[in-house]
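Visitor: In the order they appear, the protein sequences are chains A and U.
The numbering of the first sequence is the working numbering, which starts it at 1 and goes up by one.
The numbering of the second sequence is the working numbering, which starts it at 382 and goes up by one.
Sharing a structure with you now.
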Amino acid sequence: MKDIIWLIRKIIRVTFRKKGNILLYFGGPLIGILIAFLAYGGSDQQTLKVGIINQDSAQIAGDTVHFLEHLENVEVVKINESTLKDQIATGKLDCAIILGQKFSESIENGIPDHIQLVSIKGAEVTSFVKSYLYQYLDNITALKRAANGDPEVYQKMYDRFQQANFKLQVETLQDTSKGKNMTIMTIGFLLMIMLISAGNFAEIIMKEKENRTYFRLISTPINVRKYVLANIAVSMMVMVVQVLLTLLMAMKVFHIEMNVSFWQMAVLLTLFALVSAGLSLMVVSFASSSRAAGALHILITIPSCLLAGCFWPFDLMPKVVQRIAQFMPQHWVLETINQLQLGYSFGSLYLNLMILLAFAAVFFLFSVYKFGRNNDVRNFA
Amino acid sequence: MKVLEVKNLTKKFDGFIAVDNISLSINEGEIFGLLGPNGAGKSTTINLIAGLLRSSEGEIKILGKNNMKHSRYTKMNIGIVPQDLAIYEDLTAFENVKFFAGLYGLRGTELTDRVQEALEFVGLLDMQRAYPKNFSGGMKRRLNIACAIAHRPKLIIMDEPTVGIDPHSRNYILQSIHKLNEMGCTIIYTSHYMEEVEEICTRISIMDHGKVIAEGTKEQLIAIITNTKDIWIEVKSVEQIDIEKIKEINGVKTVSLDKNVIKINSEIGINNLNNILLYLMNQKVEIGSLEEREPNLETVFLTLTGRNLRD
Numbered sequence: 001m002k003d004i005i006w007l008i009r010k011i012i013r014v015t016f017r018k019k020g021n022i023l024l025y026f027g028g029p030l031i032g033i034l035i036a037f038l039a040y041g042g043s044d045q046q047t048l049k050v051g052i053i054n055q056d057s058a059q060i061a062g063d064t065v066h067f068l069e070h071l072e073n074v075e076v077v078k079i080n081e082s083t084l085k086d087q088i089a090t091g092k093l094d095c096a097i098i099l100g101q102k103f104s105e106s107i108e109n110g111i112p113d114h115i116q117l118v119s120i121k122g123a124e125v126t127s128f129v130k131s132y133l134y135q136y137l138d139n140i141t142a143l144k145r146a147a148n149g150d151p152e153v154y155q156k157m158y159d160r161f162q163q164a165n166f167k168l169q170v171e172t173l174q175d176t177s178k179g180k181n182m183t184i185m186t187i188g189f190l191l192m193i194m195l196i197s198a199g200n201f202a203e204i205i206m207k208e209k210e211n212r213t214y215f216r217l218i219s220t221p222i223n224v225r226k227y228v229l230a231n232i233a234v235s236m237m238v239m240v241v242q243v244l245l246t247l248l249m250a251m252k253v254f255h256i257e258m259n260v261s262f263w264q265m266a267v268l269l270t271l272f273a274l275v276s277a278g279l280s281l282m283v284v285s286f287a288s289s290s291r292a293a294g295a296l297h298i299l300i301t302i303p304s305c306l307l308a309g310c311f312w313p314f315d316l317m318p319k320v321v322q323r324i325a326q327f328m329p330q331h332w333v334l335e336t337i338n339q340l341q342l343g344y345s346f347g348s349l350y351l352n353l354m355i356l357l358a359f360a361a362v363f364f365l366f367s368v369y370k371f372g373r374n375n376d377v378r379n380f381a
Numbered sequence: 382m383k384v385l386e387v388k389n390l391t392k393k394f395d396g397f398i399a400v401d402n403i404s405l406s407i408n409e410g411e412i413f414g415l416l417g418p419n420g421a422g423k424s425t426t427i428n429l430i431a432g433l434l435r436s437s438e439g440e441i442k443i444l445g446k447n448n449m450k451h452s453r454y455t456k457m458n459i460g461i462v463p464q465d466l467a468i469y470e471d472l473t474a475f476e477n478v479k480f481f482a483g484l485y486g487l488r489g490t491e492l493t494d495r496v497q498e499a500l501e502f503v504g505l506l507d508m509q510r511a512y513p514k515n516f517s518g519g520m521k522r523r524l525n526i527a528c529a530i531a532h533r534p535k536l537i538i539m540d541e542p543t544v545g546i547d548p549h550s551r552n553y554i555l556q557s558i559h560k561l562n563e564m565g566c567t568i569i570y571t572s573h574y575m576e577e578v579e580e581i582c583t584r585i586s587i588m589d590h591g592k593v594i595a596e597g598t599k600e601q602l603i604a605i606i607t608n609t610k611d612i613w614i615e616v617k618s619v620e621q622i623d624i625e626k627i628k629e630i631n632g633v634k635t636v637s638l639d640k641n642v643i644k645i646n647s648e649i650g651i652n653n654l655n656n657i658l659l660y661l662m663n664q665k666v667e668i669g670s671l672e673e674r675e676p677n678l679e680t681v682f683l684t685l686t687g688r689n690l691r692d
């Protein structure tokens, strides 16, 4: 054990004597948080800018505009037809509503028409306005039908409807989708950095073989097993610090609502650290040089992170890719987080955890097999 | 006391025999030279002795113990100075020696004292806080040696420790080897420089094609070829010379060219000097000087292997 600690101290000293490595290993994971924040952080409480062109001078059209003006998070701007296209195209307006000359008349006839909604931002923006507006128009149309064609009764009912003093209690439900998306992006980026870090540490073995210090080392009482174990230990230590640092920063500093407890996340990601260490060791055991190991590692890390859905929601990916993703350990980490966010207990997700353990076991077994057959000093002359 | 015993050692790599049934025995206090051209099997033998490779057949005993069964014990008593520098550029000279010495279990003040002792021994104590990237080739070689001796091994294996360094550092290293030997260390020394081996080794083994082809003191090895003499002829140009033609002259055993010097090893008792000179005159070769020399290790090596050591 003393030998291993001695090796660990040396690896840490040599690695972190380069200040750039401190930035890479401990600054890198935080970039994921920043990207997530940039992507999702500013989407709260947005005000919708709606342009209005009212070509109808009747009361119903005026009241409709008045109704829109009183909606929460909606800013109504009166515009004219000549500037409509320009304002929509440049994004100054999210959408525009054109009330035609016969708009009020169509309502009174019970068949709402002569209303046009213009937008280039799609349903995400227009559905909110559409829903409120159509409900309002449906109510007025219903009054017309209820008045049975009697203009006096309709007017009375309409006036009362406009002056009605409803008591409205507003309950705001927490929108967890933003937190979930930010969690996926933060953790997805962290998984990639962990894989890269583990790869860098495993590459030290190749570099030491190339510069012959490896053979000098194993000519001392240190054996190959202890040497590799020390390397894995440092790799694991760095990755665990990355995990704790990222979780602390995300939860305590950036206040990202992960909806999963700190320790559940820490345990899950530590399990992935084991997978990363195993994978990088396997890559090194197969590679013929440190350059080949580096290239192979990048070739595995980046595509597997993309396929596993580290940078975008899993549901957005095509079905075929979703099936392929199941062969990536990153997917099982993200899937477990998703399940935990849905309220499943940590214990009930033991199968996911077993799958991750199986990945680590397979990688380590392959490495042991290959290392046992690759201890030929001639390869590195 | 025998520090190293090698019995019937063989190492095969996928059918290729790198070391072929060799036996060696090295006594305490010897400086044992291992000579051989590239590919002779010297490095493989050293790797086998150091426990870096497992032998295909045979046995190696260090201080009476099998080097595979008692690898920790045997490794604790060996210090290896590898041919390629095995030092960390990102650690200072002090940290390098400290790290390697620590792998042999040294800790605390004992470790610090031994590190400083080793650095002082190789003349780098003043440079202990400097990084090897700022060192000359000779200084790096000396640091390489310091890393191997700080734990005070009984057997030191030096694989070409003077390759590519300046004469001053070479002399320093050769003197250090003498000093280590006087301090009780047994040394195995390999080199391409015949004069170094002649100067420092008490016993020499010559390897070729994985086999030990001769072994003994310098005098014993030269005695193998007492029936020959060396003739060195310095010429102005060598273009017209056909070595094979000289070899055909009666009594000539080996011929080699070293720049403008034709080195001929010839049997004693056969007067063939006239024929050699006649051949050179016929070829219109201008002769600068002619010297008849006593055979040395290089002659022995050439006679036994048919090659120069640096071929």
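C-beta atoms are modelled at their ideal positions from N, C-alpha and C, and glycine is treated no differently.
Taking the alpha-carbon positions, what's the Ile337/A to Phe215/A distance?
Guide: Translated into positions along the first sequence, residue 337/A becomes position 337. Translated into positions along the first sequence, residue 215/A becomes position 215. If I take the Cα positions, the gap works out to 43 Å.
Visitor: Can you give the beta carbon distance from Met192/A to Cys95/A, rounded, assuming they're within the 8 Å contact cut?
Guide: As a first step, residue 192/A must be located in the first sequence, where it is residue number 192. As a first step, residue 95/A must be located in the first sequence, where it is residue number 95. Contact doesn't hold; Cβ gap of about 38 Å is too wide.
Visitor: If distances are taken between C-alpha atoms only, which option among His297/A, Asp3/A, Leu93/A, Leu68/A comes closest to Asn80/A?
Guide: For this step, residue 80/A is matched to residue 80 along the first sequence. Per the Cα distances, Leu93/A.
Visitor: Are Val284/A and Ala202/A closer than 8 Å when you measure CB to CB?
Guide: Walking along the first sequence from the start, residue 284/A turns up at place 284. Walking along the first sequence from the start, residue 202/A turns up at place 202. Yes.
Visitor: Spatial neighbours of Lys393/U within its chain, please: CB distance less than 6 Å, with the 5 preceding and 5 following residues excluded, ordered by chain position.
Guide: Within the second sequence, numbered from 1, the residue matching residue 393/U stands at position 12. Contacts found: Ser437.
Visitor: Reducing DSSP to helix, strand and coil, say where Tyr454/U ends up.
Guide: Taking the first residue of the second sequence as position 1, residue 454/U is located at position 73. Tyr454/U: helix per DSSP, three-state reduction.
Visitor: Please determine, among Ala287/A, Ile184/A, Arg145/A, the residue with the shortest C-alpha to C-alpha distance to Lys209/A.
Guide: Looking up residue 209/A in the first sequence gives position 209. Ranking the options by Cα distance to Lys209/A, first place goes to Ala287/A.
Visitor: For Arg510/U, which residues in chain A fall below 8 Å Cβ to Cβ?
Guide: As a first step, residue 510/U is located in the second sequence; it is residue number 129 there, counting from the start. Result: empty, since nearest Cβ-Cβ is about 14 Å, beyond 8 Å.
Visitor: What's the C-alpha gap between Phe397/U and Ile430/U?
Guide: What you label residue 397/U is simply residue 16 of the second sequence in a count that begins at 1. What you label residue 430/U is simply residue 49 of the second sequence in a count that begins at 1. Going by the C-alpha atoms only, they are around 19 Å apart.
Visitor: Note the first and the last residue of the continuous beta strand (DSSP E) segment covering Trp613/U.
Guide: Counting from one through the second sequence, the residue named residue 613/U turns up at place 232. Taken as a continuous stretch (DSSP letters only), the beta strand (DSSP E) holding Trp613/U covers 609 to 616.
Visitor: Which residue's Cα is closest to the Cα of Thr684/U: Lys610/U, Thr493/U, Glu563/U?
Guide: Position 303 of the second sequence, counting from 1, holds the residue named residue 684/U. Nearest C-alpha to Thr684/U: Lys610/U.
Visitor: If you run the structure through DSSP and keep just helix, strand and coil, what is Glu75/A?
Guide: Indexing the first sequence from 1 puts residue 75/A at position 75. Correct three-state label for Glu75/A: strand.
Visitor: For a test of the three-state rule: what should DSSP assign to Glu600/U, helix, strand or coil?
Guide: Against the second sequence, residue 600/U aligns to sequence position 219. Helix, per DSSP.
Visitor: Just to confirm my understanding: we take Gly632/U, look at its own chain, exclude 5 residues before and 5 after, and list those with CB closer than 7 Å. What are they?
Guide: Looking up residue 632/U in the second sequence gives position 251. Correct list, in chain order: Ser647, Glu648, Ile651, Asn653.
Visitor: Determine the direct distance from the alpha carbon of Asn663/U to that of Phe380/A, and round the result to whole angstroms.
Guide: For the purposes of this step, residue 380/A is taken as residue 380 along the first sequence, with counting starting at 1. For the purposes of this step, residue 663/U is taken as residue 282 along the second sequence, with counting starting at 1. Confidence is the limiting factor: at Phe380/A the pLDDT is only 36, short of 50, which leaves the residue's position unreliable, though a coordinate-based value still follows. Roughly 51 Å separates the two Cα atoms.
Visitor: Going by C-alpha to C-alpha distance, which of Glu108/A, Thr90/A, Lys85/A sits closest to Ile97/A?
Guide: Start at 1 with the first residue of the first sequence, and residue 97/A comes out as number 97. Per the Cα distances, Lys85/A.
Visitor: Mind listing the chain B neighbours of Val14/A? Cutoff is C-beta to C-beta under 8 Å, in chain order.
Guide: No chain B is present in this structure, whose protein chains are A and U.
Visitor: Candidates Phe103/A, Val74/A, Ile53/A: which alpha carbon is nearest Gln59/A's?
Guide: Start at 1 with the first residue of the first sequence, and residue 59/A comes out as number 59. Comparing Cα-Cα distances from Gln59/A to each of Phe103/A, Val74/A, Ile53/A, the minimum goes to Phe103/A.
Visitor: Since Ala198/A contacts Ser280/A with CB under 8 Å, what's their CB separation in whole angstroms?
Guide: Start at 1 with the first residue of the first sequence, and residue 198/A comes out as number 198. Start at 1 with the first residue of the first sequence, and residue 280/A comes out as number 280. Contact holds; Cβ gap of about 4 Å.
Visitor: To the nearest angstrom, how far is it from the Cα of Thr47/A to the Cα of Ala61/A?
Guide: Here residue 47/A refers to the residue found at position 47 when the first sequence is read from its first residue. Here residue 61/A refers to the residue found at position 61 when the first sequence is read from its first residue. Between Thr47/A and Ala61/A, the C-alpha separation is close to 23 Å.
Visitor: Ends of the beta strand (DSSP E) at Tyr570/U?
Guide: As a position in the second sequence, residue 570/U is number 189, starting the count at 1. Run containing Tyr570/U: 567 to 571, per the beta strand (DSSP E) assignment.
Visitor: Looking at chain A, is there any beta carbon in it that lies within less than 8 Å of the beta carbon of Gly439/U?
Guide: Along the second sequence, read from residue 1 onward, the residue named residue 439/U stands at position 58. With 8 Å as the cut-off, Gly439/U does not count as an interface residue toward chain A.
Visitor: Would you please verify whether the beta carbon of Met371/A is less than 8 Å from any beta carbon of chain U?
Guide: The residue given as residue 371/A occupies position 371 in the first sequence. Reading off the sequence, residue 371/A comes out as Phe, not Met. No - not a single Cβ of chain U is within 8 Å of the one on Phe371/A.
Visitor: If you measure from the beta carbon of Met539/U to each beta carbon in chain A, is any gap under 8 Å?
Guide: Residue 539/U sits at position 158 when you count from the first residue of the second sequence. Closer than 8 Å: no.
Visitor: At which residue ranges does the stretch 290 to 358 of chain A contain complete alpha helix (DSSP H) runs of 4 or more residues, listed in the order of the chain?
Guide: Qualifying alpha helix (DSSP H) stretches, in chain order: 290 to 308, 319 to 325, 329 to 341.
Visitor: What did DSSP end up calling Ala381/A once you bin it into helix, strand or coil?
Guide: The residue given as residue 381/A occupies position 381 in the first sequence. Confidence in Ala381/A is poor, its pLDDT being 31 and thus under 50, which makes the residue's placement too unreliable to answer from.
Visitor: If we count the other Cβ atoms within 10 Å of its Cβ and call it buried at 16 or more, is His532/U buried or exposed?
Guide: Reading the second sequence from its first residue, position 151 is the one you call residue 532/U. So His532/U ends up on the buried side.
Visitor: Let's see if you can read the secondary structure: which residues bound the alpha helix (DSSP H) around Gln264/A?
Guide: Counting from 1 along the first sequence, the entry for residue 264/A is found at position 264. Gln264/A -> alpha helix (DSSP H) spans 262 to 286.
Visitor: So if I threshold CB-CB distances at 9 Å, which residues from the stretch 481 to 514 of chain U count as touching chain A?
Guide: If the cut-off is 9 Å between Cβ atoms, the stretch 481 to 514 of chain U has Phe481, Gly483, Leu484, Tyr485, Gly486, Arg488 near chain A.
Visitor: Using a Cβ-Cβ cut-off of less than 8 Å, list which residues of the stretch 200 to 223 of chain A approach chain U; keep chain order.
Guide: The residues in question are Asn211, Arg212, Thr213, Phe215, Arg216, Leu217, Ile218, Ser219, Thr220, Pro221, Ile222, Asn223.
Visitor: Classify Leu48/A as helix, strand or coil using the three-state DSSP reduction.
Guide: Walking along the first sequence from the start, residue 48/A turns up at place 48. Of the three classes helix, strand and coil, the one that applies to Leu48/A here is strand, per DSSP.
Visitor: Considering only the beta carbon of each residue, do Lys383/U and Ser404/U sit closer than 8 Å?
Guide: Along the second sequence, read from residue 1 onward, the residue named residue 383/U stands at position 2. Along the second sequence, read from residue 1 onward, the residue named residue 404/U stands at position 23. Contact flag unset, no.
Visitor: Restricting to Cα atoms, I'd like to know which of Asn525/U, Ile546/U, Ile537/U, Lys442/U is closest to Phe480/U.
Guide: In the second sequence, the residue the question calls residue 480/U occupies position 99. Out of Asn525/U, Ile546/U, Ile537/U, Lys442/U, Asn525/U has the C-alpha closest to the C-alpha of Phe480/U.
Visitor: If you measure from the beta carbon of Arg17/A to each beta carbon in chain U, is any gap under 8 Å?
Guide: Taking the first sequence and counting its residues from 1, the one referred to as residue 17/A is at position 17. Output row for Arg17/A: interface = yes.
Visitor: Please confirm whether Arg378/A has its beta-carbon closer than 8 Å to some beta-carbon of chain U.
Guide: Residue mapping note: residue 378/A aligns to position 378 of the first sequence, counting from 1. Residue confidence is low: Arg378/A scores 43 on pLDDT, short of 50, so the model does not pin down where it sits. Its coordinate-derived value is still stated next. Interface residue, yes.
Visitor: Smallest Cα separation from Asn477/U: which of Gly410/U, Leu500/U, Gly460/U?
Guide: Walking along the second sequence from the start, residue 477/U turns up at place 96. If we check each option's Cα against that of Asn477/U, Leu500/U comes out closest.
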